[in-house]
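One structure is given below, encoded as structure tokens.
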Amino acid sequence: MNQIPEIIRTVPLEYYLFFSTALFAIGVIGVLTRRNAIIIFMCVELMLNAVNVLLTALASYRGDATGQVFVFFIMAVAAAEVCVGLAIIVMIYRNIRSTDVQLLNRLKW
Amino acid sequence: MTSIILLSVFGIVNLFVGFLKSKKILLPLALLFLIVVFGVNLLGWNNTQTYFNNMLTIDNYAVAFTGIMVLTTLLILPFSQSYIDAEDENLAEYYSLLLFSLVGAIMMVAYENLIMLFIGIEILSIAMYVLAGSNKRSLRSNEAALKYFLMGSFFTGVLLFGIVLIYGATGTFDITEIGAANVMADGTMNTMFTMGLLLLVIGISFKIAAAPFHFWTPDVYEGTPTFFTTFMATVVKTAGVAAFYKLMNAAFEGSFTSWFPTVIAITVLTLVVGNIGAVIQPSVKRMLAYSSISHAGYLLMTLVAFNDLSENAIFFYSLSYAVASVMSFGVLKLVEDAREGNQSFAAFNGLGKTNPLLAFVMTVSMFSLAGIPLTAGFFGKLFVFSAVIATGNLTWLVVLAVILAAVGIYYYIKVVIAMYMQPAGENTKVPVSGFAALVLIICTILTILFGIAPGLVSNML
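From first to last, the protein sequence lines are chains A and B. When we follow the working numbering, the leftmost residue of the first sequence carries the number 5, and every step to the right adds one. When we follow the working numbering, the leftmost residue of the second sequence carries the number 324, and every step to the right adds one.
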């Protein structure tokens with residue numbers, strides 16, 4: 005297992021930085037433009053995974069395990085969020101037979 | 324730390340007590356748990372301890388804010404009478420979720436490491452997503468839960484990206500070490516650090532409902548059952564502001580110049596949007612939601628001041644705001660339960676004649692939120708403004724805030740006018756349970772007491 009950080013280090017750090025920033029940006033754009041609650045939710049997960057990739061790369065480059073431990077925390081929290089989020093989406097689907105966020109307009113500023 | 328363990332255990336015990344047929348025991352039991360936690364928490368005063376390899380520190384700052392949050396929860400719980408009366412409500416789960424989210428709130432004020440900040444925010448938020456949608460058959464509650472959830476998890480992603488960029492620049496999650504790290508020398512690292520700081524500020528601003536990240540607040544506050552809105556407006560906001568100040572104070576004191584323009588822009592925008600937005604709202608609950616945005620603005624002013632007076636100002640303001648919010652949302656809940664969910668200003672018509680006690684409590688609460696003398700809110704604003712004045716060059720911000728506070732008096736007084744000047748019409752007497760009446764009286768006494776003798780709590784930190 006020792007050589008995994010070394011394998012990660014074969015790619016320059018900037019590449020990881022640009023890759024995860026791009027992944028994060030795709031997630032943000034998805035959240036802002038899509039209308040289906042489940043797809044918005046997938047885009048949020050994409051953002052969290054962009055964070056995970058960057059954390060792993062940074063932790064390998066610094067030779068510091070803290071960053072990799074944080075990845076586990078993020079995964080666990082993301083799993084808990086999936087539970088609650090899907091439950092909320094199912095609850096809404098039962099009531100309005102749709103997951104389109106544009107149909108939810110009872111509350112307006 | 325003991326309070327975190329106790330709250331987690333009590334939450335689980337509460338779930339099991341929920342198996343009993345009678346729901347009568349749940350409220351006294353939950354209140355007892357919270358009183359125990361409140362007492363245990365006070366034992367940590369002047370006795371700083373660190374836990375988990377320096378990831379959590381229970382110092383006076385943490386103890387003081389934990390005290391506010393536990394006290395607020397204690398005052399909120401008695402308003403659950405309508406859930407006790409209803410057959411099909413899952414009361415034990417609601418209480419447990421409130422206790423669990425309090426654990427997250429405590430972690431948010433005691434963290435020493437950005438990992439703990441993130442975990443605390445998530446424990447608090449995930450429980451709140453569930454509670455926002457707790458009224459399963461109401462479409463408004465569903466919508467509030469979905470909006471809160473989608474935006475909340477989106478901004479969690481933003482916050483995380485900020486944390487990771489700061490980790491990339493400094494190589495640590497520990498806030499004291501981040502404060503000590505010198506990243507300004509290296510150009511690339513400096514860019515990463517500044518970007519991370521910006522994203523972190525955005526992520527936390529969302530949690531405390533500061534403009535321009537406030538757009539979820541009115542909708543979510545309105546759709547969420549009022550009982551849980553009270554919790555959101557008080558505990559979540561107190562925890563968020565305390566966490567924000569602690570973060571800036573411990574980790575980013577050295578980079579003051581790079582975050583100051585952002586924070587002052589957010590503060591001014593929050594004050595303006597909150598106060599102007601509240602004026603045009605047709606319903607009392609939405610008005611209170613916008614007013615909570617404006618109070619986030621006043622609380623952020625302490626961060627702009629960023630001097631010795633700030634901690635005490637945040638503490639006193641949070642306390643006075645939390646107590647006054649419990650009163651206003653509590654009365655709102657009692658009134659809307661009696662008026663079939665009507666939350667408009669008309670629902671309050673003639674309350675002064677039908678329920679003199681409720682009307683008086685609501686009046687004191689509105690005066691406190693508006694910052695009229697002889698209530699705690701006046702001294703809250705006074706301490707915040709004097710902290711800003713002490714910096715010397717930000718008098719214009721105080722002038723702006725005072726003008727906007729005057730605007731605030733207009734929309735708070737609208738409720739008072741409806742209660743005392745309007746005829747009751749078809750509005751009947753609002754039933755009030757014994758526990759709720761007791762809490763409202765305690766809150767009123769506290770508000771007036773702190774308004775006459777603010778010295779009791781104003782110099783604690």
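All residues carry an ideal CB built from backbone N, CA and C; glycine is no exception.
- DSSP, reduced to helix, strand and coil, places T373 of chain B within a strand of the structure shown.
- Of the residues A:E49, A:L21, A:C47, the one whose Cα lies closest to the Cα of L59 of chain A is A:L21.
- Note on geometry: alpha-carbon atoms of V94 of chain A and F516 of chain B lie some 40 Å from one another.
- Counting only the Cα atoms, I328 of chain B lies some 31 Å from T770 of chain B.
- Residue burial is scored here from C-beta neighbours: P401 of chain B has at least 16 other C-beta atoms within 10 angstroms and is therefore classed as buried.
- The CB of N99 of chain A comes closer than 7 Å to the CB of L462, N465 in chain B, given here in chain order.
- Among the residues facing chain B, I42 of chain A is not included, as its CB has no counterpart in that chain under 8 Å away.
- Of all residues in the segment 67 to 87 of chain A, only D68, T70, G71, F74, F77, I78, V81, A84, E85 place a beta-carbon less than 7 Å from a beta-carbon of chain B.
- For F423 of chain B, no CB of chain A lies under 8 Å from its own CB, so it is not counted at the interface with that chain.
- Neighbours of A724 of chain B in chain A, taken as residues whose beta carbon is under 8 Å from its own, are absent, since the nearest beta carbon is some 23 Å off.
- The beta carbon of I599 of chain B is closer than 6 Å to none in its chain, skipping five residues each way along the sequence.
- Flagged as an interface residue toward chain B: L52 of chain A, by a C-beta distance shorter than 8 Å.
- Bridge partners of N630 of chain B according to DSSP: none are assigned.
- The beta carbon of E576 of chain B is closer than 7 Å to those of G502 in its chain, skipping five residues each way along the sequence.
- The three-state secondary structure of I381 of chain B, taken from DSSP, is strand.
- By a beta-carbon distance limit of 8 Å, A428 of chain B contacts V558 of chain B. Their separation comes to about 6 Å.
- Here Y406 of chain B is not bridged, per DSSP, to any residue.
- The secondary-structure analysis by DSSP pairs Y434 of chain B across a beta bridge with B:L379.
- Per DSSP, P777 of chain B is not a residue of any alpha helix (DSSP H), being assigned neither H nor E.
- In the DSSP secondary-structure assignment, N672 of chain B is not bridged to any residue.
- The DSSP-derived three-state label of N40 of chain A is strand.
- Rounded to the nearest whole angstrom, the CA to CA distance from T549 of chain B to R66 of chain A is 48 Å.
- Chain A places no beta carbon closer than 8 Å to that of K530 of chain B, leaving this residue out of the contacts.
- In the DSSP assignment, I486 of chain B falls within the alpha helix (DSSP H) that extends over 462 to 493.
- As DSSP reads the structure, S667 of chain B sits in a beta bridge with B:S606.
- Under the 8 Å criterion on CB atoms, V48 of chain A is classed as interfacial with respect to chain B.
- For F567 of chain B, same chain residues with a beta-carbon under 6 Å away, outside a window of 5 residues either side, are I527 in chain order.
- Within chain B, no residue has its CB atom less than 8 Å from the CB of G34 of chain A, the nearest being about 10 Å off.
- Using a CB distance below 8 Å, the part of the segment 414 to 444 of chain B facing chain A consists of I438, F441, I442, ordered along the chain.
- Interface annotation, K459 of chain B: in contact with chain A, CB-CB separation under 8 Å.
- Around the CB of R460 of chain B, fewer than 16 other CB atoms lie within 10 Å, so the residue is classed as exposed.
- Taken through DSSP and simplified to helix, strand or coil, D68 of chain A comes out as coil.
- Across the structure, L592 of chain B and V586 of chain B are spaced so that their CA atoms are roughly 10 Å apart.
- Taking C-alpha positions only, I381 of chain B is separated from M324 of chain B by approximately 7 Å.
- Of all C-beta pairs linking the segment 627 to 640 of chain B to the segment 653 to 661 of chain B, fewer than three are shorter than 8 Å, placing the two stretches out of contact.
- What L90 of chain A touches in chain B, judged by beta-carbon distance under 7 Å, is nothing: the nearest beta carbon there is about 10 Å away.
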